[in-house]
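What follows is one structure encoded as structure tokens, with my remarks underneath.
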Amino acid sequence: MGADDIGLLRTAAELAIDHVAGVDERAAAPTAAAVAGLAAFDEELTAAGRPAAETLRLLAEVGGPATVASTGARYFGFVTGATLPVALGAAFLTDAWDQNAALPVMSPVAAALHGVVRGWLVEVLGLPGATDVGFVTGATMANAAGLAAARDALLAGAGWDAQADGLFGAPPITVVVGGNAHSTLRKSLGLVGLGRERVLVVPADDQGRMLPDRLPEVDGPVLLCAQAGEVNTGAFDPFEPLADWVAERRGWLHVDGAFGLWALADPQRAHLVRGLVRADSWATDGHKWLNVTYDCGIAFVAREGALRRSFASVAGYLPPDEGFEAMHHTPQSSQRARQIEVWAALRTLGRDGLAELVRRTCAVAAVVAERLAGHGFTVLNDVELNQVLVRPPAPVDAAALAAAVQADGRVWCGPTDWRGAPALRISVSSWKSTPADGAAAADVVAECAASLAAHE
Ligand SMILES: *Cc1c(COP(=O)(O)O)cnc(C)c1O
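Sequential numbering from 351 applies to the sequence shown in the working numbering.
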């Protein structure tokens, strides 16, 4: 590698650091002019190629301003996490290393850190000690991985080898989901052949929690998909009665905890997560509440060997004597070493720091809710987590308000649908957001609402 190549990389690193350093000075969303500027990318592909330095400059100059400032302190959209500095630093190194984390022989460092971080995750979340962990692209794939493991284990219990023989002719599995299951859960169910619509739906209460006394009568293998953290309200299903119901039927309890699973790390939230650790599998994201970079999902499966049964790519595969073989525990073969950023985040935060991250973001959400209530907004959810769901005072429409807030640019939050009508959702998922950011965001939202009302 020549001096030019090294200079190129130093420039890229500087540009990346400048972006991070300036993100809080920018609008939370790109300006219309910056988005229109993306037309500069509409170039012909040349035969001879173009200079690398110019390529990176174009990317920084045109692409950078058109990014969403979701790593900043005033982005409250979807359930989008920011990036802890140590996670980004670890990502720089990991990208430079370009390790294939598929097998220990391909990356001893990835395998070693997988072992360490598996132990730490299981400890900090209080999951059963032998729980297997697989890193995937996000909660959609983590759900799919857990559901695949559930499918294969339940069918093995019924004398059917789903990996060898597929699902045609297999004994049926009854799949039960909550009325407020995340939209991507159906996608994950479809992906593993269980069907998006072939489900029994348990009605939910006004926060989106499954009503356990409405669980259906079922026969035969059963898979219950519960949720830790409803995407609008942050509500948790009542895991204790759900786990009892599954245990009586010798079924499988899977929990989608894309962000909510991290509540397990905060002793102050024990009342929300009671019974959650009794599940058979859990899915979460690193890129949401843990604040590592995209993309990072984590699948946890408590039943020994279940991930391996579903994802070993060698028939008759035997467990290795040493080292974790990621390609035999996840849907991927070749894969990024996502565990490295998670390791860096956990090592830096520690148990207390992780609990504090959860607590702090929840406290900011409480500030937002209280302040908006003070401005005459209706708070629709019990703000027990990091999600705030509100409607503006009449005559302002929540969807119009979301558009106005986004156009204003000082903060970003999005519209959602709650019980058939528009609402505004503010998700506090960034390690950076302080109570002052929360209060300022609430004031901006209220200001936009007042201005809309004045133009009614
Ligand atoms: C975000 C989310 C998902 C999907 O996660 P991805 O990381 O986008 O795949 C699934 N379930 C819930 C509850 C979520 O919040």
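Cβ coordinates follow ideal geometry from the N, Cα and C atoms, glycine included.
Cα-Cα separation, residue 652 to residue 591: Between the alpha carbons of residue 652 and residue 591 lies a distance of about 19 Å.
Residue 380, DSSP secondary structure in three states: Here residue 380 sits in coil by DSSP.
The beta strand (DSSP E) enclosing residue 631, as first and last residue numbers: Secondary structure note for residue 631: its beta strand (DSSP E) is the uninterrupted segment 631 to 635.
Cβ contact check for the stretch 588 to 606 and the stretch 629 to 648: 3 or more pairs under 8 Å: Taking a cut-off of 8 Å for Cβ pairs, the stretch 588 to 606 and the stretch 629 to 648 touch, as three or more such pairs fall below it.
Backbone secondary structure at residue 490 - three-state DSSP: Shown here, residue 490 sits in a helix according to DSSP, grouped into three states.
Paired residues, beta bridge with residue 560 - DSSP: 554.
Residues of its chain near residue 626, where Cβ-Cβ distance is below 7 Å and the 5 sequence neighbours each way are ignored: For residue 626, same chain residues with a beta-carbon under 7 Å away, outside a window of 5 residues either side, are 578, 589, 605 and 614 in chain order.
Residues that DSSP places opposite residue 485 in a beta bridge: In DSSP, residue 485 forms a bridge with 648.
Local Cβ density within 10 Å of residue 600, reported as buried at 16 or more and exposed below that: By the neighbour-count rule (16 or more Cβ atoms within 10 Å), residue 600 is not buried but exposed.
Cβ-heavy atom distance, residue 429 to ligand 1, below 7 Å: It does: the Cβ of residue 429 is within 7 Å (strictly closer) of some heavy atom of ligand 1.
Residue 689 in three-state terms, based on DSSP: Three-state DSSP puts residue 689 in a helix.
Where residue 776 falls: helix, strand or coil (DSSP): Looking at residue 776 - three-state DSSP - the assignment turns out to be strand.
8 Å contact criterion, which residue 679 and residue 482 should meet: CB distance rounded: Yes, they are in contact, since the Cβ atoms of residue 679 and residue 482 sit about 6 Å apart, within 8 Å.
Limits of the alpha helix (DSSP H) - the one that residue 602 falls within: Segment 602 to 606 is the beta strand (DSSP E) holding residue 602; no alpha helix (DSSP H) there.
The stretch 757 to 776 touching the stretch 390 to 402, judged by at least three CB pairs closer than 8 Å: Judged by Cβ distances under 8 Å, the stretch 757 to 776 makes no contact with the stretch 390 to 402, as fewer than three pairs qualify.
Selected residue, minimal CA-CA separation from residue 745, among 539, 727 and 636: When each option's Cα is compared against that of residue 745, the closest is 727.
Spatial distance of residue 427 from residue 462 (CA atoms): Cα to Cα, residue 427 sits roughly 35 Å from residue 462.
Residues sharing a beta bridge with residue 586, DSSP: According to DSSP, which records beta bridges pairwise, residue 586 is partnered with 578.
Cβ-based burial, residue 523 [other Cβ within 10 Å; buried from 16]: Residue environment for residue 523: buried (at least 16 other C-beta atoms within 10 angstroms of its C-beta).
Integer-rounded CB distance, given that residue 748 should sit under 8 Å from residue 722: Incorrect: roughly 12 Å between the Cβ atoms, too far for contact.
Residue 579 Cβ short of 7 Å to ligand 1 heavy atom set: The answer is yes for residue 579.
Segment limits, alpha helix (DSSP H) that includes residue 435: It spans 435 to 447 - the alpha helix (DSSP H) in which residue 435 sits, taken as one unbroken run.
Counted within 10 angstroms of its Cβ, other Cβ atoms place residue 787 as buried (16 or more) or exposed: It counts as buried.
Check whether residue 770 and residue 640 have beta carbons under 8 Å apart: Cβ distance not < 8 Å, so residue 770 and residue 640 don't count as in contact.
Check whether residue 684 and residue 452 have beta carbons under 8 Å apart: Yes.
Cβ neighbour criterion (16 or more within 10 Å) applied to residue 663: Answer is exposed; the Cβ neighbour count stays below 16.
Inter-residue Cα distance where the pair is residue 714 and residue 637: About 19 Å.
Where residue 675 falls, given that 16 or more other Cβ within 10 Å makes a residue buried: The residue is buried, with at least 16 neighbouring Cβ atoms inside 10 Å.
Spatial distance of residue 567 from residue 550 (CA atoms): Using only the alpha carbons, I get a separation of about 10 Å.
Local conformation of residue 740 per DSSP, three classes: Looking at residue 740 - three-state DSSP - the assignment turns out to be strand.
Beta-carbon separation (whole angstroms), residue 438 vs residue 406, contact threshold 8 Å: So it is not a contact: roughly 18 Å between Cβ atoms.
Boundaries (first-last residue) of the beta strand (DSSP E) holding residue 768: Note, residue 768: beta strand (DSSP E), 764 to 768.
Three-state class that DSSP yields for residue 504 in the structure shown: It is helical.
Beta bridge counterpart(s) of residue 771 as assigned by DSSP: Partner(s): 768.
Ordered list of beta strand (DSSP E) runs contained in the stretch 692 to 762, each at least 3 residues: Within the stretch 692 to 762, the complete beta strand (DSSP E) runs of at least 3 residues are 737 to 741.
Neighbour-count burial assignment, residue 801, 16 or more Cβ in a 10 Å radius: Per the 10 Å Cβ criterion, exposed.
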